[in-house]
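Okay, structure first, notes after.
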Amino acid sequence: MAGHSKWANIKHRKAAADAKKGKVFTRLIKEITVAAKLGGGDPATNPRLRLAMDKAREANMAKDSVLNAVKRGAGQLEGVSYEEARYEGYGPGGAAVIADCLTDNRTRTVAEVRHAFTKNGGNLGSDGSVAFLFKHCGQFVFAPGASEEQVMDAALAAGAEDVVANEDGSIEVLCPPGDFHAVKAALDKAGLRPELAEVTLKPTAEAVLAGSDAQRMRSLLDALESLDDVQDVYTTAVLEDA
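990 is the number of the first residue of the sequence shown in the working numbering; add one for each residue after it.
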């Protein structure tokens, strides 16, 4: 993988997230509702709910909207019932793609996801067809120029599994999903601000794409991101022209 790829791809992910700000609140409300439904309405004992509420706070979502979403999930208010759905497949160049969705209509969602794959040179696969290529973990990414020593000291002491210095100067911190909040608190306390902090599916191997394959993969990822039912998209692709 070329040295610039890691950070270039991270920057594209941030830009894509910024471009869909209008959908952020909708996606957060869905996530809060489902998290409360599955794990209860107390963020102190529900890490998934706590993470979703933290993201809502960072996005400046109104407190009433957050609390109402929690109540709907916990069954204290009526509302639309969402369920989780994961779709796996391969995109251009053979790179793996996973789309995690929250939906109130699986038939609609799978049709839209399949169309996005087919239209952009991909193929929707069966359950488990590519999930083994990803690791569920907490991930923090620091821009080139961050102090590797400071990041390492704070992260490892808080339970991080690994600190990786990439060729382009960016730094990644990886931790078990259950330790995400402890590592995040330790980094905050040390005054270290990552560009990206999330519980994610990180590819265990990457597929470098260039030229037309990279362009078609970008189109596929953008098409999936634009779907209302899609919450997160993960891929093993590294796009050289990012």
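Yeah, the Cβ is synthetic: ideal placement off N, Cα and C, and Gly gets one too.
All of these numbers come straight from a predicted model, not from anything done at the bench.
Can you tell me where the beta strand (DSSP E) holding residue i begins and where it ends?
| i | result |
| --- | --- |
| Val1099 | That residue, Val1099, is in no beta strand (DSSP E); its alpha helix (DSSP H) goes Arg1095 to Lys1108. |
| Asp1232 | Any answer about residue 1232 is impossible in this case: the structure gives the chain only from 990 up to 1231. |
| Ala1088 | Ala1085 to Thr1092 |
Helix, strand or coil for residue i per DSSP?
| i | result |
| --- | --- |
| Asp1116 | coil |
| Val1056 | Residue identity check: residue 1056 is Leu in the sequence provided, not Val. Three-state DSSP puts Leu1056 in a helix. |
| Thr1022 | helix |
| Gln1065 | coil |
| Ala991 | With a pLDDT of 38 at Ala991, under the threshold of 50, the predicted position of this residue should be treated as unreliable, and no value is reported. |
| Gly1127 | strand |
| Asp1031 | coil |
| Val1122 | Note that residue 1122 corresponds to Leu in the displayed sequence, not to Val. Residue state, collapsed to three classes: helix. |
My understanding is that residue i touches residue j, with C-beta atoms under 8 Å, so please give their C-beta distance in whole angstroms.
| i | j | result |
| --- | --- | --- |
| Gly1080 | Leu1190 | Contact doesn't hold; Cβ gap of about 15 Å is too wide. |
| Leu1213 | Val1222 | 5 Å |
| Thr1193 | Phe1123 | 7 Å |
| Leu1198 | Ala1088 | The Cβ separation is near 18 Å, so there is no contact. |
Ends of the alpha helix (DSSP H) at residue i?
| i | result |
| --- | --- |
| Glu1077 | Per DSSP, Glu1077 belongs to no alpha helix (DSSP H); it is in the beta strand (DSSP E), Glu1072 to Tyr1079. |
| Glu1047 | Pro1036 to Glu1047 |
| Ala1174 | Phe1169 to Lys1178 |
| Ala1143 | Glu1137 to Ala1146 |
**Message:** So, does the segment 1136 to 1143 touch the segment 1098 to 1113, judging by three or more C-beta pairs under 8 Å?
**Reply:** Cβ pair count under 8 Å is below three, so no.
**Request:** Entirely within the segment 1183 to 1230 and at least 4 residues each: give me those alpha helix (DSSP H) ranges in chain order.
**Result:** Whole alpha helix (DSSP H) segments, 4+ residues: 1200 to 1214.
**Item:** Cβ contact check for the segment 1070 to 1077 and the segment 1043 to 1058: 3 or more pairs under 8 Å
**Value:** Verdict: no, contact absent.
**Request:** Decide yes or no for the touch test of the segment 1153 to 1162 against the segment 1108 to 1125: beta carbon pairs closer than 8 Å, at least 3 of them.
**Result:** Verdict: no, contact absent.
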